[in-house]
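FYI, in my numbering the residues of the sequence shown are 84 to 572.
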Amino acid sequence: MLPIIPKVNSEKILSDKLFNYTLEDVVNIKDDSIKKSGYKLTIDGDGVKVYASDDDGFYYGKMTVLNLLEMMGALPHCEIEDAPRYVYRGYMLDCARHFFSVETVKRMIDIMPRFKLNVFHWHLTEDQGWRIQIDKYPLLTEIGSYRDGTRGDGKPIKGYYTKEEMREVVAYAKERHIEVMPEFDIPGHTAAAIAAYPYLDCNNSVIGVKDSFGIHPEVLCAGKESSYEFVTDVLKEIFEIFPFNLIHLGGDEALRLHWLDCKECQRVMEENNLKDEDELQAHFMARIVEFCKGYGKTVINWNDGMVGENVHDDVIVHYWQGAEVNRNAAVREINRGKKGIISPFFSYYLDYPYGLTSLKKCFSCNPEIDGVTATENIMGVEGPLWAEYVKNQKDIDRQTFPRLIAIAERGWSEWHQDYKGFRTRLKYNYKIIDKLGIECDRIEKVDPNPIAKIISLVKFFGNAWDKTQLQNAKNVAENKKRLKAKYGK
Ligand SMILES: [Zn+2]
């Protein structure tokens, strides 16, 4: 078996012969019978030939040749037929909790196509930082891109991307057959925007950019017309930078605490016969979805933002899970016809320690999740790296690899359970990892034994827990209590 990751659909090794070809020897031959983004590769005495029907196919064929060269030093006499399982194969980097330079972002975009990933999901706005230059609202970056410290450490975190830099990243990604999808998270996770423009909150709360993590009570008011204006103004500028047809609008973890007491929010609910605040969120988002459609854009939401019965038909479900009610709603919506991107937090979240999410656990997650019968609606997979505790490139490398390679395989290859085979192939792939300068744990460490597991968990939760988490847990409990008092559920 050839040590190729992601696993190819079919391969034939025709002899033990190895050829000393280089990348320059690759000849592209157009063949319209080959599936979109797929390719056929033949290596023999006549040379190295890649057959494909489109540019993606030629590119992925070339990536396979490059990977074989780096792993084996020469090219085997073989025939490969290959095509992706899903159209969406993503990686998310949270550049809001911590800020990463354009160079660090580009470096990840350099690495992604080696494992045939094709969407870079750029998480750019958060409670803890606003990272996109927006001309109409200069305070978003003047105030929102800076925080005094993190959980009282007194070390400022600051930075944002200029429009020019973001355009540069988009072009750089395009050359590597990657689309850049920005995320502007609304209505929750907007404290940095509210710090800049307090009128965005129901109560005009005067707050600072958050220095603690978790779920905060300040969210965009879903009743005031000025919130709609703000969101659509910002989106207009975002659409000028990012040509990709998908836009991620978050939707997750939006507490109802301020909406419950807000005259404007309650007025909109009454006028539109909305039965609860879940439906208010869906109503607010549906207006934005319609706005985005006018620009040819389709909206993605995290699945816990899609619990109202009136969620717009065109929203794509980003399945991460959450509580049972959120999980069930996501499964229901995908079965009803919405498209789904799969990132189960227990298996695909890359910020977790290996003691919680080992490589094996990550690899073993079938993206055709339980309960989904309309599997044709699954459009792909994504590995998200949240950056509460990820501070630099070293942290990014250690958390991302080699787990992202397992997720890439799930996105590209048909479902197979051969973990032993994957591990064997991964050993060879460490040559690519080393060549790319990725500093990550070796294969012995990424499936920790029970003792190493406990040490890893104690370290992670010991670091994550502090008294600010207690306050956030109280916010969530209060939110639940208030909704129960109002609706009896
Ligand atoms: Zn409000």
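For every residue, glycine included, the Cβ atom is placed at its ideal position computed from N, Cα and C.
Can you have a look at residue 282 and say buried or exposed, based on whether 16 or more other CB atoms are within 10 angstroms of its CB? exposed
Using DSSP's beta-bridge definition, name the partner residues of residue 102. 158
Check the DSSP bridge columns for residue 165 and list the partner residues they point to. 122
Assign residue 533 to buried or exposed, taking buried as 16 or more other Cβ atoms, counted over all protein chains shown, within 10 Å of its Cβ. exposed
Which residues, in chain order, sit with a beta-carbon under 5 Å away from any heavy atom of ligand 1? Neighbourhood of ligand 1, defined by CB distance below 5 Å to any of its heavy atoms: 285, 304, 306, 345, 347 and 348, in chain order.
How far does the beta strand (DSSP E) with residue 381 in it extend, from its first residue to its last? 381–385
Cα-Cα separation between residue 101 and residue 406, rounded to whole angstroms: Cα-Cα distance, rounded: 53 Å.
Mind reading off the beta-carbon distance from residue 443 to residue 502? Whole number of angstroms is fine, and I expect it under 8 Å. 6 Å
Straight-line CA distance for residue 451 to residue 524? 29 Å
Where does residue 182 sit, in a helix, a strand or coil, going by DSSP? coil
Just the Cα atoms here: how many angstroms apart are residue 395 and residue 440? 33 Å
Cβ-based neighbour list, residue 515, same chain, cut-off 8 Å, excluding 5 preceding and 5 following: 150, 153, 154 and 197
Per DSSP, what kind of secondary structure is residue 465 in: helix, strand or coil? DSSP places residue 465 in strand when its eight states are reduced to three.
Using the beta-carbon count (16 or more within 10 Å), is residue 279 buried or exposed? buried
Check whether the region 283–300 and the region 323–342 touch, using three or more Cβ-Cβ pairs below 8 Å as the test. yes
Which first and last residues belong to the beta strand (DSSP E) in which residue 111 is found? 109–113
What runs of the alpha helix (DSSP H), each 4 residues or longer, lie entirely inside the region 386–427? Look at the region 386–427 and you find these whole runs of alpha helix (DSSP H), each 4 residues long or longer: 407–419.
So which of 189, 275, 260 and 284 has the shortest CA-CA distance to residue 248? 189
Out of 268, 193 and 277, which has the shortest C-alpha to C-alpha gap to residue 262? 193
Should residue 499 go down as buried or exposed, given a rule of 16 or more other Cβ atoms within 10 Å for buried? exposed
Around the Cβ of residue 390, are there at least 16 other Cβ atoms within 10 angstroms (buried) or fewer (exposed)? buried
Euclidean distance between Cα positions of residue 134 and residue 257: 21 Å
Going by DSSP, name the residue or residues bridged to residue 212. Residue 212 is bridged to 209.
Alpha-carbon spacing of residue 527 relative to residue 380, whole angstroms: 44 Å
Taking the alpha helix (DSSP H) that residue 268 falls in, what are its first and last residues? Unbroken run through residue 268 is the beta strand (DSSP E), 262–269; no alpha helix (DSSP H).
Rounding to the nearest angstrom, what Cα-Cα distance links residue 276 and residue 204 in this structure? 20 Å
How is residue 331 classed by DSSP in three states: helix, strand or coil? strand
Looking at the unbroken alpha helix (DSSP H) that takes in residue 478, where does it start and where does it end? 476–483
Chain-order list of residues whose beta-carbon lies under 8 Å from that of residue 116 (same chain, five-residue window excluded): 136
Would you call residue 508 buried or exposed, if buried means 16 or more other Cβ atoms sit within 10 Å of its Cβ? Classification for residue 508: buried.
Taking residue 445 as the reference, give the member of 292, 458, 484 and 384 with the closest Cα. With respect to the C-alpha of residue 445, the residue from 292, 458, 484 and 384 having the closest C-alpha is 484.
Rounded to whole angstroms, what is the Cα-Cα separation between residue 518 and residue 512? 10 Å
Taking the alpha helix (DSSP H) that residue 565 falls in, what are its first and last residues? 550–570
Nearest residue (CA-CA) to residue 104, options 418, 120, 132 and 114: Comparing alpha-carbon positions, the option among 418, 120, 132 and 114 lying closest to residue 104 turns out to be 132.
Looking at C-alpha atoms only, which residue of 414, 329, 362 and 345 is the closest neighbour of residue 375? 329
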